[in-house]
Each structure stands twice: as structure tokens, then as C-alpha cells.
Amino acid sequence: MDKNIATELDKAMQETISLISSANESDINKVPFKGSWTAAQTARHLIKAGNGMAEMFSTEAPKANREADEKASELKEMLLDFDLKMNSPDFIVPEDKQYNKKELITGTESIRSQTVEVLRNAQLDEIPETEDDNPLKGYTKLELLHFAVYHTQRHNRQIRNILNAL
Numbered sequence: 089m090d091k092n093i094a095t096e097l098d099k100a101m102q103e104t105i106s107l108i109s110s111a112n113e114s115d116i117n118k119v120p121f122k123g124s125w126t127a128a129q130t131a132r133h134l135i136k137a138g139n140g141m142a143e144m145f146s147t148e149a150p151k152a153n154r155e156a157d158e159k160a161s162e163l164k165e166m167l168l169d170f171d172l173k174m175n176s177p178d179f180i181v182p183e184d185k186q187y188n189k190k191e192l193i194t195g196t197e198s199i200r201s202q203t204v205e206v207l208r209n210a211q212l213d214e215i216p217e218t219e220d221d222n223p224l225k226g227y228t229k230l231e232l233l234h235f236a237v238y239h240t241q242r243h244n245r246q247i248r249n250i251l252n253a254l
């Protein structure tokens, strides 16, 4: 298992927790500019994306017939291209509501701790079963781990920018 990329996910999720923790409760639900999510919605998006991650990494799946990290660099290039604007799949779009800071922190920490624990023994060269409409269908667990890291880093940058704009 690639311990470095697992450590990167741990660090990225801890950064999400730190960003939300350091924000004023009154600021996390403020829209900084038209068309933007709030910091809270961005954190909620990461929680929705991370739900089930630990279970996915721990569930046995068929081995890949290719290098387990074959698509990792293209994921990094895409997700860390901050000029590229993307639309979230509907199933992880955050609800338009007022969020509680503590609940966002607790939710993120729960996903972080469960996932980090499971990654110690995960078989990352497997391709987990996913829904047909999931844009990450066919990716290996290692590639999905890379996705989780870069996706979290991308949205941490977004949260920082939102909070700085307020």
C-alpha cells in the first residue's frame, strides 16, 4: 500500500477540519459571491463524497488487469487545475440550508478516522463495484484514494478562498 498517499489524505482531511474549526460560526453559511457555495456547503460536499469511503476501501473486489495507479496522474492534473470549473454529480451536491459548524467537523473527522484506519490493510489494486452513473466507475481503489486526496485539496482551497472573500 502506498503509505504516502494515505498520509496525504489524512493531512488533507485534517486541513478541512482546521479550516472549518477556525472559521466564525456566522461566516460558514455566508455566500461570498453569486453562484458560489458557502464554506459549510463545500465541507458538506466533501462529507457526502467521503461517505462510504471506508467501506469501499475495506470491501473485497476484483483485482485490476492494469497498473493500479494508471489514471492517478490524470486525476491530479484535472482536480488541481483550479482554472477548470466542474459540476458536482447530483448525489453529492450539498443541501441549500444553514449548517452547524460542529456537525461538519464531527462528520469530517468520522470519515477521516474510519478511512485512515481501513487504509492500513486495504488492497488498493482492486476495482470496487460502483453505481453505473458514478463518474468514478472503473477506477482502482488506489486511483480513488488519489481522487479523494486531490478532491479534498481542491475544495480546501475553495473553502480558504470563500472565507478570505468574506
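89 is the number of the first residue of the sequence shown in the numbering used here; add one for each residue after it. Where a beta carbon is used, it is the ideal one built from N, C-alpha and C, also for glycine.
DSSP beta-bridge partners of residue i
i: residue 185; result: DSSP lists no partner for residue 185.
Limits of the unbroken alpha helix (DSSP H) element including residue i
i: residue 242; result: 229-253
i: residue 123; result: No alpha helix (DSSP H) contains residue 123, which DSSP labels as neither H nor E.
i: residue 164; result: 160-167
i: residue 142; result: 141-146
C-alpha gap between residue i and residue j, whole angstroms
i: residue 251; j: residue 138; result: 22 Å
i: residue 159; j: residue 95; result: 19 Å
i: residue 187; j: residue 153; result: 43 Å
i: residue 205; j: residue 199; result: 10 Å
Whether residue i touches residue j by CB criterion (7 Å)
i: residue 113; j: residue 189; result: yes
i: residue 151; j: residue 180; result: no
i: residue 93; j: residue 233; result: yes
Own chain, CB closer than 6 Å to residue i, minus 5 neighbours either side, in chain order
i: residue 129; result: 182
i: residue 202; result: 142
Contacting residues, own chain, Cβ-Cβ under 7 Å from residue i (five flanking each side not counted)
i: residue 244; result: 100, 103, 104 and 107
Other residues of its chain near residue i: CB distance less than 8 Å, five sequence neighbours each side excluded
i: residue 46; result: What the structure shows of the chain is the stretch from 89 to 254, and residue 46 is not part of that stretch, so it cannot be assessed.
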